[in-house]
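S.K.: Numbering (the numbering used here), first residue to last: 1 to 183. Don't be surprised by glycine CBs; every beta carbon is placed ideally from N, CA and C. Note that this is a predicted model, so its numbers are computed, not measured.
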């Protein structure tokens, strides 16, 4: 949801809250309806005020339908990042970015296994890289190298801005390599 819709939603919520308070007051003081109706009728006899009230009601109706349809509309770009050029649109799937991250991570020495998750934010992606490292590896320096190389690789090959690269070291590989038995 972009900033424009958030501002509209805030205005809409304030209007609905005011109408709700007005209805609650009328429920506890029904005699107030007659005086309010008379005042409202006097305001409506003025053409300028009637037009303003109509425009306000029309705007509330438009916001209601807009929010209704925006809730029903599927977000088609949820699994892809869109880049716009002067020729047209380019969509890069999050799966593509995951594969770039996996290839970059597995090229580094000291990595036994890696699992990647990519989340799309507004204009950038957030990358979570879960790794299993080999024994005797300097984990802080390897993690920093992963972050730098992954960010550079994704931004250079896809053009998608990387907001953050989180590295989680799940464990240190403790298995022994399988040696072929010679008989």
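Identify which residue in 33, 109, 133, 100 has its Cα closest to the Cα of residue 117.
M.R.: 100
S.K.: Under the three-state reduction of DSSP, which class applies to residue 121: helix, strand or coil?
M.R.: Residue 121 falls in the coil class under three-state DSSP.
S.K.: From the DSSP secondary-structure annotation, give me the bridge partner or partners of residue 165.
M.R.: 127
S.K.: To the nearest angstrom, report how far apart residue 172 and residue 18 are at their CA atoms.
M.R.: About 59 angstroms.
S.K.: Under DSSP, the alpha helix (DSSP H) around residue 155 begins and ends at which residues?
M.R.: 139 to 158
S.K.: Taking the alpha-carbon positions, what's the residue 105 to residue 114 distance?
M.R.: Residue 105 and residue 114: Cα-Cα distance of roughly 7 angstroms.
S.K.: Ordered along the chain, which non-local residues of its own chain (more than five positions away) have a Cβ less than 7 angstroms from that of residue 139?
M.R.: Excluding positions up to five away in sequence, the list reads 133, 169.
S.K.: Using 8 angstroms for Cβ pairs, my map puts residue 63 next to residue 124. What's the rounded Cβ distance?
M.R.: With a Cβ gap of about 29 angstroms, residue 63 and residue 124 do not count as contacting.
S.K.: Checking 8 angstroms against the spacing of the C-beta atoms, do residue 151 and residue 165 come in under that value?
M.R.: It is a contact, given that the beta carbons lie within the stated cut-off.
S.K.: According to DSSP, is residue 87 helix, strand or coil?
M.R.: Coil, per DSSP.
S.K.: Taking DSSP's pairing of strands, which residues face residue 113 in a bridge?
M.R.: 132
S.K.: What does the Cβ neighbour count give for residue 143, buried or exposed, with the cut at 16 atoms within 10 Å?
M.R.: By the Cβ neighbour-count rule, residue 143 is buried, with 16 or more other Cβ atoms within 10 Å of its own.
S.K.: Measure the alpha-carbon distance for residue 29 versus residue 50 and round it to whole angstroms.
M.R.: 26 angstroms
S.K.: Sorted by chain position, which residues of the same chain lie with C-beta nearer than 8 angstroms to residue 121's C-beta, five sequence neighbours on each side aside?
M.R.: 163
S.K.: Tell whether a beta-carbon distance below 8 angstroms holds between residue 131 and residue 111.
M.R.: Closer than 8 angstroms, so yes.
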